[in-house]
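For the sequence shown, the working numbering assigns the number 312 to the initial residue and increments by one for each residue that follows. This report refers to the structure that appears directly beneath it.
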Amino acid sequence: MRSAPAAARLDFAPMLARAVLLGLLLAASLGLFSRRALLLVRLNRLGRPVERSGDLPRRILREASHVLAQRKLLQRPLPGLMHALIFWGFLVLLTTIAEALGQVIDPAFALPVIGRAGWLGLLQDLFAAGVLVGIAVALWIRLVQRPERFIGSHTLEAYRILGWITWIVLTLFLGNAARIAQGTAEAPRAWTPISNVLARPLEGLSPTWLFGIEQGALWVHLALILSFLVYLTYSKHLHIATSAINVFMASTQPSGALTPLPISLEALEAGEQSLGAGTITDLTRKELLDLYTCTECGRCQAVCPAWNTGKPLSPKLLIMDLRDQLFAEGPKILEARARGETPDATPLVPEVVDEEVVWACTTCGACVRECPVDIEHIDTIVDLRRNLVMAESRFPQEAGALLRNLENASNPWGMPQSQRAAWAEGLGVPVLAEGEPAPEVLYWVGCASAFDDRAKKIARSFARLLQAAEVPFAILGPRELCTGDPARRMGNEYLFQTLAEQNVQTLSGAGVRTIVANCPHCFNTLRNEYPRYGGSFEVLHHTELLARLVREGRLRPSAELDALLAYHDPCYLGRHNGVYEEPRRLLQTVSGVRTVEMPRHGPRGFCCGAGGARMWMEERIGKRINQERADEAASTGADVVGVACPYCLVMLDDAHRGRGDEIRVLDVAQVLEHTVAPTPPPTPSD
312 MRSAPAAARL DFAPMLARAV LLGLLLAASL GLFSRRALLL VRLNRLGRPV
362 ERSGDLPRRI LREASHVLAQ RKLLQRPLPG LMHALIFWGF LVLLTTIAEA
412 LGQVIDPAFA LPVIGRAGWL GLLQDLFAAG VLVGIAVALW IRLVQRPERF
462 IGSHTLEAYR ILGWITWIVL TLFLGNAARI AQGTAEAPRA WTPISNVLAR
512 PLEGLSPTWL FGIEQGALWV HLALILSFLV YLTYSKHLHI ATSAINVFMA
562 STQPSGALTP LPISLEALEA GEQSLGAGTI TDLTRKELLD LYTCTECGRC
612 QAVCPAWNTG KPLSPKLLIM DLRDQLFAEG PKILEARARG ETPDATPLVP
662 EVVDEEVVWA CTTCGACVRE CPVDIEHIDT IVDLRRNLVM AESRFPQEAG
712 ALLRNLENAS NPWGMPQSQR AAWAEGLGVP VLAEGEPAPE VLYWVGCASA
762 FDDRAKKIAR SFARLLQAAE VPFAILGPRE LCTGDPARRM GNEYLFQTLA
812 EQNVQTLSGA GVRTIVANCP HCFNTLRNEY PRYGGSFEVL HHTELLARLV
862 REGRLRPSAE LDALLAYHDP CYLGRHNGVY EEPRRLLQTV SGVRTVEMPR
912 HGPRGFCCGA GGARMWMEER IGKRINQERA DEAASTGADV VGVACPYCLV
962 MLDDAHRGRG DEIRVLDVAQ VLEHTVAPTP PPTPSD
């Protein structure tokens, strides 16, 4: 008989061998992971620095809601629940991984304090099963539903990952079942019902067989996990490691506020500044991090108005193409810089991204809202535009007239500034002269409502409503310049900054405190982008002010308007600024008006096609976006389409005229004015 010390030495020897083997596996996997991670960090640092360190409490809350609670994924219940089950499952199963690392060395290992608790065993059992349910749902979505949003994604890799995760969970269950059959499980078997059921077929096996099954399952389990750790750094599942970082680094500004590009003429002359993104190294570090983080889920593609009407733009494929370029060219750039050389970088447009892709975007923000990992597609597209416009003078021919008009006449229509207040003729609207104190409200009319014949009716209706409510207001008239929104969205950042600085100087010099705008594009720019240029004002959309005036009893809708109305959410009012309820509340106060929602409404409203300076560009590919939206409006049976944006009014009115139907397109202010001051029902031709 062996002595106790000799037996202990014999027991220690296999434990030491297993520890050495585990150490070698960990060193190999962590070494390969770290090597790839270091390359990814170096590639990311090729990009332009971008400031994203402020608003720390908000960033932490967003981590909790977007990452831990999976809020954005759960916007679509079935795929959201599928992903949440897998994600939450792996959070809980981190404890089983820790247990497995200890148990391959010492089978009696358990986590300190909580390792033998029944509640932990129950959580592990249920969440492991939840992962398998999530995988089954994922396969059903991909194989049965087959949504179009997966077009262009690496589907074979997705199946490989799903299979990998399945085997990780199955080996976990097998190891747990063998431990239960041996009577060595940490948690009481009643607390692990699924593993307990799986243990029953094993209970007749010998202890040697059970120990072999347990150890075999654990080693395979750990090998799968450690190899997966390495593989994810080379796959689209890199987002497992980067999504939390990307969410933290996402902008805390409203989505309608673009990341600015401060332009220094001195830096340009010295060659120290790039105008937008001409090559992969001109993208910002956040934009490069976006490339790592894309899950290829296609949610952005599914809601993109350009993709849905046959244009070549897919936000998902754009990000994937840029990612491929970064991984193909980035290491060569790093090697060239290490040799002290200046590498020749590939122009992104048109070598990597087709020009039609860049110009098809309406900047509606649907892609950014849907993205579960906070990729900022619009910033990337606008950076590509900035380089084309400012560095290369390449843009659609008809857009050249827009830029010339903005430069020469300070408005996209090219009309004389002296005609800015012509829309108000006969209304007695005061024009704020230089040196006069600003009234309670400054009405920012906007270029569309000042110069477009159909949009002028919005301004006239709104002015009459302000007068009826006895709100002291004035307009700037010739001193009001374009806010610069179309220039900025088109990519001419320098022209935008010039217009912004002039407007802020005018507004601040007049002592303006409250601005109301009926154009959501003006509203967004004044509210979200002018503060960077010293413009600190309260900015309201006209629907917000009108809703307040009705609520306070200063406007009393009384007349009846018999109409079935479908309200269209302007992108720059709703999705970019969260104003959804005020227009609807106003419409609810109008007697006789019955409202119906379009299939795509609210946060998932469909663009009219005018944003991103597309108002001044032709649509030559696929179906017109405004026609798609008009067809959707007509499908509701409505006889009036309500809008809260002059761009939307013009685009949808054009589309309904093209359809040859009798649907009227009216701004909310026009509808409300009819009920406050009885007049014949307004029509677009009035």
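No residue lacks a Cβ here, since even glycine has one placed at the ideal position from N, Cα and C.
{"query": "At a cut of 8 Å, does the region 594-608 reach the region 669-685 through at least three beta carbon pairs?", "result": "yes"}
{"query": "Could you give the distance in angstroms between the alpha-carbon of Ser-566 and the alpha-carbon of Leu-594?", "result": "19 Å"}
{"query": "Compare the beta carbon distance of Glu-855 and Val-901 with 8 Å and say whether it is the shorter of the two.", "result": "no"}
{"query": "Does DSSP classify Glu-362 as helix, strand or coil?", "result": "coil"}
{"query": "Would you identify the three-state DSSP class for Ala-732, choosing helix, strand or coil?", "result": "coil"}
{"query": "Quick check: what's the CA-CA separation for Leu-860 versus Ala-780?", "result": "7 Å"}
{"query": "In the structure shown, what three-state DSSP assignment does Ser-345 receive?", "result": "helix"}
{"query": "Answer yes if the region 794-807 comes into contact with the region 692-707, meaning at least three C-beta pairs across the two stretches below 8 Å, and no otherwise.", "result": "yes"}
{"query": "Any chance you could list the alpha helix (DSSP H) runs of at least 4 consecutive residues sitting entirely within the region 620-656, in chain order?", "result": "626-649"}
{"query": "How do the region 434-447 and the region 488-507 stand: do at least 3 beta-carbon pairs fall below 8 Å, yes or no?", "result": "yes"}
{"query": "Any idea which residues DSSP pairs Gly-474 with across the strands?", "result": "Answer is none; Gly-474 lacks a bridge partner."}
{"query": "Hey, is the region 931-945 in contact with the region 718-735, meaning 3+ C-beta pairs nearer than 8 Å?", "result": "no"}
{"query": "Measuring alpha carbon to alpha carbon, tell me which residue in Cys-605, Gly-582, Ile-371, Ser-625 is nearest Val-614.", "result": "Ser-625"}
{"query": "Can you tell me which of the three DSSP states Tyr-545 falls into?", "result": "coil"}
{"query": "Indicate the three-state DSSP secondary structure (helix, strand or coil) for Ala-785 in the structure shown.", "result": "strand"}
{"query": "Could you give the distance in angstroms between the alpha-carbon of Tyr-754 and the alpha-carbon of Gln-808?", "result": "22 Å"}
{"query": "When the Cα atoms are used, what is the spatial distance from Gly-587 to Ala-944?", "result": "38 Å"}
{"query": "For Ser-517, which of helix, strand or coil comes out of DSSP?", "result": "coil"}
{"query": "What are the start and end residues of the alpha helix (DSSP H) that includes Ala-759?", "result": "758-762"}
{"query": "Decide if Tyr-878 is buried, meaning its Cβ has at least 16 other Cβ atoms within 10 Å, or exposed.", "result": "buried"}
{"query": "Using the beta-carbon count (16 or more within 10 Å), is Gly-365 buried or exposed?", "result": "exposed"}
{"query": "Specify, as a first and last residue, the run of the beta strand (DSSP E) that Leu-875 falls within.", "result": "871-878"}
{"query": "Between Ile-644 and Trp-430, what straight-line distance do the alpha-carbon atoms span, to the nearest angstrom?", "result": "53 Å"}
{"query": "Going by DSSP, what residue range makes up the alpha helix (DSSP H) through Ile-826?", "result": "Careful: Ile-826 lies outside any alpha helix (DSSP H), inside the beta strand (DSSP E) at 825-828."}
{"query": "Which class does Asp-964 belong to by DSSP, given the choice of helix, strand or coil?", "result": "helix"}
{"query": "With contact counted as at least three CB pairs below 8 Å, one residue from each stretch, are the region 398-414 and the region 523-539 in contact?", "result": "yes"}
{"query": "Check this for me: beta carbons of Ile-524 and Leu-513, under 8 Å apart or not?", "result": "yes"}
{"query": "Confirm, please, whether the CB-CB distance from Arg-790 to Thr-825 is below 8 Å.", "result": "no"}
{"query": "Identify the continuous beta strand (DSSP E) that holds Val-976 and give its terminal residues.", "result": "975-978"}
{"query": "On the DSSP bridge assignment, give the partners of Gly-953 in chain order.", "result": "Tyr-878, Leu-977"}
{"query": "Could you name the residues that DSSP lists as bridge partners for Tyr-754?", "result": "Val-827"}
{"query": "Which ranges would you report for the alpha helix (DSSP H) in the region 665-700 if only whole runs of at least 4 residues count?", "result": "666-670, 677-681, 688-697"}
{"query": "Looking at Leu-379: is its Cβ nearer than 8 Å to the Cβ of Ala-395?", "result": "no"}
{"query": "Count the CB pairs spanning the region 712-730 and the region 622-640 that are closer than 8 Å, and state whether there are at least three.", "result": "no"}
{"query": "Going by other Cβ atoms of all chains shown within 10 Å of its Cβ, with 16 needed for buried, is Glu-583 buried or exposed?", "result": "exposed"}
{"query": "With distances taken between CB atoms, is the gap from Cys-675 to Cys-882 smaller than 8 Å?", "result": "yes"}
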